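Right, one structure below, let's go through it.
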Amino acid sequence: MSSCNEPQPVTSIFPEEYQKELERHYSKILSAESLIKYGYFDSLANKFIDRSGNYKEEQYISNDQFYEGIFNLSEFYNWLDDGDRWKDLYFSQKDGKVKIRKEWTTPISFTIPKNLHTRREYKLINLFSYGNLAYYMEQEKETVSNILLQNKNSMSKFFGSEVFKFAITQDLRSTLLFGKNKRYITDVQNFYHSIYTHSIEWMLDGKDNAKRNIGVNNRKNFTFGKSLDKLIQNSQSGETHGLPTGNLITRIIAEVYMCKFDEILLDRNPRYSFSRFVDDIVFAFNTDMELIEFKKYLNEKIREYSLSLNDSKTKIESFPFEGNNKDAIFTFFDTLPEMPKEADNSIKNLGKRRVKDKISQFIDYCVSEEGRGNRGSLKCIPAVLVNSIRPLQVGNSYHAQPIMKALGDDYRECLIDIFFEPHYLTGMSLFERILDLSFMDSTITQKIIDFSQVLVHEIVSGKTVWDRLLILIKVEKAAKRYFDRIKDALKGKIEEYINSGSNQEIYSYLLMIIIFNYDKKMDLNSVNDICHSVIQSRIDDINMILATIIYYRKNGNYDGIAEGMAKALWDAHYPVCSKKQELDTDPNPWYMKPCNCGKEFSDQLWMYRYYLYFMHKNEISYMDSKGNKQSRPAYPDFQKSIEGAVINNMTVDLSNHFDFRKSANLSDVNKFYKTMLDDGVKIIDDGGGKFIYPLMQYCILPDFLNILP
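full-length UniProt numbering numbers the first residue of the sequence shown as 1 and each following residue consecutively.
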């Protein structure tokens, strides 16, 4: 196996036009802009309707955990790019390369359900460290791209390419496994979290080379693998076990790692027939001797890189092979008959009922398929519905899709009744059924919000502001009916999820409450209890931010959570504070002794801390009546609440807990965030200052309509 540091000729494994498309795709996604703006939350699409009413859809990569209408790093990237500020932070003028910063930071831990019994941990990297990784990957994108381009066995190397879609990758997989009547299927046990960071250097540079470079401490002499090893350690408090998953960069690093592992297998026997998707390996064979040889070598090399195979998922299949086919799901609506051009009302009503029944059957079918082991069927529901209710663009032309054809020219009006009218017996609308899927499987929340946005966008297209308002009311009524059904259990479920550390499930509830404005309709005590519980639990930055937003949307102030916010920041930093001994000897209560060690942004709750510091620091400039430039707080309600917090029946000013304290020893990480704050860089979209978000905002364009409850 060759080292990554040697220039490698790229051998084309696809026709030239496909190879060039992949090269363009890799060049795009490996840019620092893409890795930061779209790759940090690793979202399927940065897709939302902005406050000017424009529907945006910028297709990139694949994951669906975080809602970029609230969590958005566009301003952060623009700030880094402005005047090449990133070079001051991450670039060495001496050797003209991206430098490897020495500072350690702590990632945000966020778990999602993997199945009914196990969870997958995401680690959201501190932006200081993530920026370093992003610009390093951009610098090395030719090396990365070449490794991916030369690999023929990976089906996970395409990262959302518009050309290499699922159907094509399935054809590629079948070709790799062609001519063999048995399959050995296995995967790596706990793959992302088992990768020993030093083994990245072993894999990418060769183990012997890596051993010879153990004593190399001058960072300008680091190899590609050693640099990645150090960058990843720095992003997870110096830990050497596991990759901090949840972002595109570490997905790419893991893919490059496994592409080099494929090379190791093929160096042993170029005729091995296997395909791989991330760490899932399928080896095709005809004789037992072929399998024995492959298994022996595979196990030997897996152990060599400090990994292990997952025995519980290892199996052998014989022809005919088990399918995980989703063709029936993708084509489910193709059998709907088209609406005749001259159809009368009775025919139109029949067509509408037929479509409504078909959608209901489709939901049942996908749920059933998921239960039968056809993984990913639930995630197909919103995606297939989206593709069936809006025109497909091919070049400059648009083509009607199955549901549109089945409903005819009035399809937009029909969609309103189909999705939002309650069933005549159950009282539940189709839209409510779709919302409920999010709480059955919290990993599809983002996809359901995407579907809701597309649905609203299609329905309101071409309508007046007042017609849009009526549609908005229908949407919110349907959401309210659903939440009213579960409201008695809502608080208890969130408490249960807090106790079990179920981050994604809490996120789903809180996000849906915000997007569909249900917090405005809940009783005050329930809202406040939920928000207090989430903030006091310090479950994770993402959910704490959402809980803070919900509290403000309901109360119009932060009075009841001011102490909780400050205490959360204090408790997160205190155990690791370099001045802990000094704080311990101070007899004053915690709120009277904010730490001034200058290192708090390297620790836990760094994102929540930045969000709160931003609301305290940010100001709006304006001209007074005399033409003089003045400024005022951008978030006056926040200022008022933290300055007049009541603790133990005393009024306490907590401002110092939400600001950089005067210190001569600010760490480089703290300096980084202080400069961001001074420059007004926003990483949490404040919904126009009122925390109103895209799905609903699209329907309310004029400012005077924002008074709606």
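Each residue gets a CB set at the ideal place from its N, CA and C atoms; glycine is no exception. Treat the numbers as computed from the prediction; the structure is a model and nothing was measured.
For residue 128, which three-state DSSP category applies? helix
Note down, in chain order, each residue of its chain lying with its Cβ closer than 7 Å to the Cβ of residue 432, except the 5 sequence neighbours on either side. 478, 481 and 482
Can you tell me whether residue 212 is buried or exposed? The criterion is at least 16 other CB atoms within 10 Å of its CB, across all chains shown. exposed
My assumption, with CB atoms under 8 Å, is that residue 637 sits in contact with residue 693. Please give the rounded CB distance. Going by Cβ atoms, the distance from residue 637 to residue 693 rounds to 18 Å, so no, they are not a contact pair.
Would you be able to state if there are at least three C-beta pairs under 8 Å between the region 223-243 and the region 342-352? no
Between the Cα of residue 153 and the Cα atoms of 177, 133, 571 and 428, which residue gives the shortest distance? 177
Can you give the beta carbon distance from residue 336 to residue 352, rounded, assuming they're within the 8 Å contact cut? No, residue 336 and residue 352 are not in contact; Cβ-Cβ is about 11 Å, not under 8 Å.
Quick test of the definition: if touching needs 3 or more C-beta pairs under 8 Å, does the region 180-196 touch the region 305-312? yes
Which ranges would you report for the alpha helix (DSSP H) in the region 246-304 if only whole runs of at least 4 residues count? 248-268 and 288-304
Looking at C-alpha atoms only, which residue of 249, 168, 550 and 613 is the closest neighbour of residue 18? 168
Out of 493, 131 and 682, which has the shortest C-alpha to C-alpha gap to residue 619? 682
Residue 52 in three-state terms, based on DSSP: Confidence at residue 52 is low in this model, with a pLDDT of 33, below 50, so its placement is unreliable and the value that follows should be read with caution. Residue 52 falls in the coil class under three-state DSSP.
Quick one: what's got a C-beta closer than 6 Å to residue 738's C-beta in the same chain, skipping five residues either side? What the structure shows of the chain is the stretch from 1 to 709, and residue 738 is not part of that stretch, so it cannot be assessed.
Within 8 Å, do at least three Cβ pairs link the region 590-609 to the region 522-532? no
Let me make sure I understand the geometry here. Which of 364, 652, 369 and 300 has the alpha-carbon closest to that of residue 327? 369
What's the gap between the Cα of residue 586 and the Cα of residue 651? 21 Å
Grab me the residues of residue 537's own chain with a C-beta within less than 8 Å of its C-beta, minus the 5 sequence neighbours each way, in chain order. 498
State buried or exposed for residue 581, treating a residue as buried only when at least 16 other CB atoms are found within 10 Å of its CB. exposed
Using beta-carbon positions only, say whether residue 546 and residue 510 come within less than 8 Å of one another. yes
Please list the terminal residues of the continuous alpha helix (DSSP H) segment that includes residue 416. 411-420
Taking residue 641 as part of the beta strand (DSSP E), name the residues at either end of that continuous run. Per DSSP, residue 641 belongs to no beta strand (DSSP E); it is in the alpha helix (DSSP H), 636-643.
Closer than 8 Å by C-beta to residue 579: which residues in its own chain qualify, once you throw out the five before and the five after it? Chain order, please. 595, 596 and 597
Rounded to whole angstroms, how far is the Cβ of residue 108 from the Cβ of residue 607, which I believe are closer than 8 Å? 6 Å
Using CA atoms only, rank isn't needed, just tell me which of 642, 204 and 242 is closest to residue 263. 204
Pairwise C-alpha distance: residue 157 and residue 165: 11 Å
Could you tell me which residues DSSP pairs with residue 392 in its beta bridges? 399
Using 8 Å as the cut-off, can you tell me whether the region 130-140 makes contact with the region 26-42, which would need three or more C-beta pairs spanning the two stretches below that distance? yes
Have a look at residue 192 and residue 443 and give me their C-alpha separation to the nearest angstrom. 19 Å
Okay, do the region 117-126 and the region 72-90 touch, 3+ Cβ pairs below 8 Å being the bar? no
Mind pulling the alpha helix (DSSP H) runs of 4 or more residues that sit fully within the region 328-396? 345-371 and 377-389
Taking the Cβ atom as the reference point for each residue, do residue 549 and residue 691 lie within a distance shorter than 8 Å? yes
Mind checking which residues open and close the beta strand (DSSP E) that includes residue 652? 650-652
Under 6 Å Cβ to Cβ from residue 122, same chain only, skipping five residues before and after it: list those, please. 110, 245 and 246
Residue 578 by DSSP, collapsed to three states: which one? coil
In the DSSP output, which residue or residues are listed as bridge partners for residue 187? 280
Proximity winner among 555, 305 and 565, relative to residue 544 (alpha-carbon distances): 565
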